[in-house]
Amino acid sequence: MPVLDNSMTDSKLEGLLFPKEDKISSSKRMPDFAYIRKELLRNGVSKKLLWTEYMEDCRANGEEPLMYSQFCYHIQQDEQKRRATMHINRKPGEQVEVDWAGDPATVIDPDTGGILKAYIFVGVMTYSQYAYVEAFLDMKQKSWINAHVHMYEYFGGVAKILVPDNCKTAVIHNGGWKGQQINETYQEMAEHYGTAIFPARVRAPKDKPNAEGTVGMISTWITAALRDEQFFSLAELNRAISDKLTLSNRKLFQKKEGSRLSLFLEEERPLLSPLPATRFELADWKQATVQFNYRK
């Protein structure tokens, strides 16, 4: 067994055993990372097997392959880069993200001619980005709950996880995942539909990337597209929104086959929990001070 020189440090030894990227000769052929990512998803396929195939292919073509440790290092670096530049992958049917769009639409009061704001609710299936959109005249508890009821009926089922924003109709207090107080009515609705509420952490947009991204898309695709039209009732506005929403969900992806609708129907809809036998009915929660004589 060779004896290490006294000048050998841990960092030097690590550099010899596990060369970093800048130690690797540019003459060595880099792996096909897209192919490796795909193959690693298959049962029984390991990095060792892929390295063996890669090494044999390099030698057959007169190219210098990476050592196994370098091969694994570059795969790890590729994965880290991908994680830093893409949304967190979700499983089909796993969760739905909900939020209010930033810019409201408008409705003209037919009696007074006054302008009423119409607030846009957006629900997004995280995996397919299949969306539900509806306008309401306020963002109060009743509207918030009704939006969810209508959304689940539109989807035809219920995702396992519900990820709301930190509005008071959803979250009373959010001190992180271990210190949350969910709105009682919202919690009751979630239990009725058999879903779990996981609010996005405060100032953590990566917890809810799809809803916020789709909110921007909805604001452009629907609200802006209807900016020159006049609506004299909320029902009239929602009919127009429904038409635009159908077009949006059916719009073909630019970089892959299919649409939000086709991806939802093929991969998410079959995995949703069934709707309950009855709709959720809004409860009226009130806080009251009980006196010493037990009268409210």
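Counting in the UniProt record's numbering, the sequence shown runs from 1 upward without gaps. By construction, the Cβ of each residue, glycine as well, lies at the ideal position given by its N, Cα and C atoms. These numbers come from a predicted model, not from an experiment.
Handout entry: Bridge-paired residues (DSSP) for residue 299
Key = The requested residue 299 does not occur in the structure, where the chain is confined to residues 1 to 296.
Exercise for the section: With a 10 Å radius around its C-beta and 16 neighbouring C-beta atoms as the bar for buried, classify N43 as buried or exposed. Expected result: As a first step, residue 43 is located in the sequence shown; it is residue number 43 there, counting from the start. With fewer than 16 Cβ atoms within 10 Å of its Cβ, N43 is classed as exposed.
Handout entry: Range covered by the beta strand (DSSP E) that runs through D165
Key = One-based indexing of the sequence shown puts residue 165 at position 165. D165 -> no beta strand (DSSP E), and no H or E assigned at all.
Problem - Sequence-distant residues of the same chain with beta carbon closer than 7 Å to V149, five excluded per side - result: As a working note, residue 149 is residue 149 in the sequence shown. Answer for V149: R279, F280, listed in chain order.
Problem - Alpha-carbon to alpha-carbon, R29 and E63 - result: Looking up residue 63 in the sequence shown gives position 63. Looking up residue 29 in the sequence shown gives position 29. Approximately 7 Å between the Cα atoms of the pair.
Exercise for the section: Assign E64 to one of three DSSP states: helix, strand, or coil. Expected result: For the purposes of this step, residue 64 is identified with residue 64 of the sequence shown, where counting begins at 1. Note: E64 maps to strand in three-state DSSP.
Problem - Buried or exposed by the 16-neighbour rule on C-beta atoms within 10 Å, applied to I120 - result: As a first step, residue 120 must be located in the sequence shown, where it is residue number 120. The residue in question, I120, is buried, as its Cβ has 16 or more Cβ neighbours within 10 Å.
Problem - Simplified DSSP assignment, three categories, for residue 316 - result: Here the chain has residues from 1 to 296 only, and residue 316 is not among them.
Problem - As assigned by DSSP and simplified to three states, the class of E153 - result: Counted from its first residue, the sequence shown places residue 153 at position 153. Here E153 sits in helix by DSSP.
Practice task
Have a look at Q77, A277, W144 and flag the residue whose alpha-carbon is nearest the alpha-carbon of R37.
Solution key: Counting from one through the sequence shown, the residue named residue 37 turns up at place 37. It is Q77 whose Cα lies nearest to the Cα of R37.
Handout entry: Q230 - DSSP class collapsed to helix/strand/coil
Key = In the sequence shown, the residue the question calls residue 230 occupies position 230. In this structure, Q230 counts as coil in the three-state DSSP scheme.
Handout entry: Per-residue burial, N238 [other beta carbons within 10 Å of its own, 16 or more giving buried]
Key = Residue numbering aside, residue 238 sits at position 238 when the sequence shown is read from its first letter. By the beta-carbon neighbour count (other beta carbons within 10 angstroms, threshold 16), N238 is buried.
Handout entry: Y119, DSSP secondary structure in three states
Key = As a working mapping, residue 119 is identified with position 119 in the sequence shown. Looking at Y119 - three-state DSSP - the assignment turns out to be strand.
Exercise for the section: Taking A135 as part of the beta strand (DSSP E), name the residues at either end of that continuous run. Expected result: Against the sequence shown, residue 135 aligns to sequence position 135. Taken as a continuous stretch (DSSP letters only), the beta strand (DSSP E) holding A135 covers 131-136.
Problem - From S273, K255, F232, residue whose alpha carbon lies closest to that of G114 - result: Sequence index remark: in the sequence shown, residue 114 carries index 114 (1-based). Comparing alpha carbon positions, the residue from S273, K255, F232 closest to G114 is F232.
Problem - Inter-stretch contact (C-beta, 8 Å, three-pair minimum) for the region 189-201 and the region 124-139 - result: no
Practice task
Using a threshold of 9 Å, state whether the C-beta atoms of P31 and I75 are closer than that.
Solution key: For the purposes of this step, residue 31 is identified with residue 31 of the sequence shown, where counting begins at 1. For the purposes of this step, residue 75 is identified with residue 75 of the sequence shown, where counting begins at 1. Yes, Cβ-Cβ distance for P31 and I75 is below 9 Å.
Exercise for the section: Report the rounded CA-to-CA distance for residue 298 versus N249, giving the unit in angstroms. Expected result: An answer regarding residue 298 cannot be provided, because it is not within the stretch 1 to 296 covered by the chain.
Handout entry: Cβ-based neighbour list, V45, same chain, cut-off 6 Å, excluding 5 preceding and 5 following
Key = By one-based count along the sequence shown, residue 45 stands at place 45. Correct list, in chain order: E39.
Handout entry: Where D78 falls: helix, strand or coil (DSSP)
Key = Reading the sequence shown from its first residue, position 78 is the one you call residue 78. Helix at D78.
Practice task
Could you check if Y54 is buried or exposed, using at least 16 other CB atoms within 10 Å of its CB as the buried criterion?
Solution key: Mapped onto the sequence shown, residue 54 falls at position 54. With 16 or more Cβ atoms within 10 Å of its Cβ, Y54 is classed as buried.
Practice task
Using three-state DSSP, classify K28 as helix, strand or coil.
Solution key: Residue numbering aside, residue 28 sits at position 28 when the sequence shown is read from its first letter. Note: K28 maps to strand in three-state DSSP.
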